[in-house]
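Residue numbers (the working numbering): 5 to 258.
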């Protein structure tokens, strides 16, 4: 299933797909991809990442020790690094506001350890939306939360070098540039002091890669983006599937 040109449809249509894709990813993670002590939830964050977002109320009787340093499962980074093109070490319109993310929490304290975000048009089509998205990413990474960001929209006037440059800033280096023929972005981040980025540029027509979602700085799970995209696509109305399957957007945009 190739990546479609989502600039052909308005933000409301992508929002509907976004909702279903987030749900499919969460289901896939909970059906055996995550180690037993972790779980995924589709959650909506209207504001930034604060203590109330990072922690859920612990159910009565569910107290326990802090989360284990090493999950019983997942892939060890040092043994099987993600197959991505670039690895870097660190030296809000209404639909964007409604958009959900997948959070990964640990059962010992129900704190967020990782998040998966799918970029919406409203995250990039105005300066306030982009600033809010970047601020949320910075807050998560600073809190030690690991991120996976998927951006199926090409760079625009507010993110001319793509969403990764907007988030990663000067740590990208002066020579950073997305390949001209791969303007879309799948990027995973290790949060905390030893931050790293794992970037795979993609394009309309490409198959989506599996991307790492880190649970700790050393361990990740591969997220089946292609399979979950296909499942969400199959639930879209036939009319809009035909519009999106018709090919590149006409000159002047849709």
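All C-beta atoms, glycine included, are put in the ideal place defined by N, C-alpha and C.
- Contact between residue 6 and residue 242 does not hold, since the beta-carbon distance rounds to 18 Å and is not under 8 Å.
- Shown here, residue 18 sits in a helix according to DSSP, grouped into three states.
- Here residue 174 is exposed. Its C-beta has fewer than 16 other C-beta atoms within 10 Å.
- Residue pairing from DSSP leaves residue 247 without any beta-bridge partner.
- With a threshold of 16 other beta carbon atoms within 10 Å, residue 115 meets it and is buried.
- When the Cα atoms are used, residue 214 and residue 230 turn out to be separated by approximately 7 Å.
- 7 Å or more divides the Cβ of residue 171 from the Cβ of residue 188.
- Within the same chain, 5, 25 and 212 come within 7 Å of residue 233 by CB-CB distance, once the 5 residues on both sides are set aside.
- About 7 Å separates the Cβ atoms of residue 45 and residue 109, confirming a contact at the 8 Å cut-off.
- Between the region 175-185 and the region 139-155 there are fewer than three C-beta pairs closer than 8 Å, too few to call the two in contact.
- 7 Å or more divides the Cβ of residue 191 from the Cβ of residue 182.
- In this chain, residue 162 is not harboured by any beta strand (DSSP E), its DSSP state being neither H nor E.
- Excluding five sequence positions before and after residue 119, the CB atoms of its chain that fall closer than 8 Å to its own CB belong to 105, 106, 107, 108, 144, 149, 150, 151 and 152, given in chain order.
- Within the region 128-181, complete beta strand (DSSP E) segments of at least 3 residues are found at 150-155, given in chain order.
- Secondary-structure assignment with DSSP links residue 218 through a beta bridge to 224.
- Rounded to whole angstroms, the separation of the alpha carbons of residue 158 and residue 250 is 18 Å.
- Looking at the backbone, the Cα of residue 156 and that of residue 197 are separated by about 28 Å.
- Nearest neighbour of residue 147 by Cα position, chosen from 111, 199, 30 and 235, turns out to be 199.
- In the DSSP assignment, residue 192 falls within the unbroken beta strand (DSSP E) covering 188-194.
- According to the DSSP assignment, residue 45 belongs to no alpha helix (DSSP H) but to the beta strand (DSSP E) extending over 42-48.
- Apart from the 5 residues on each side of it in sequence, residue 209 sits with its Cβ closer than 6 Å to the Cβ of 6 in its chain, given in chain order.
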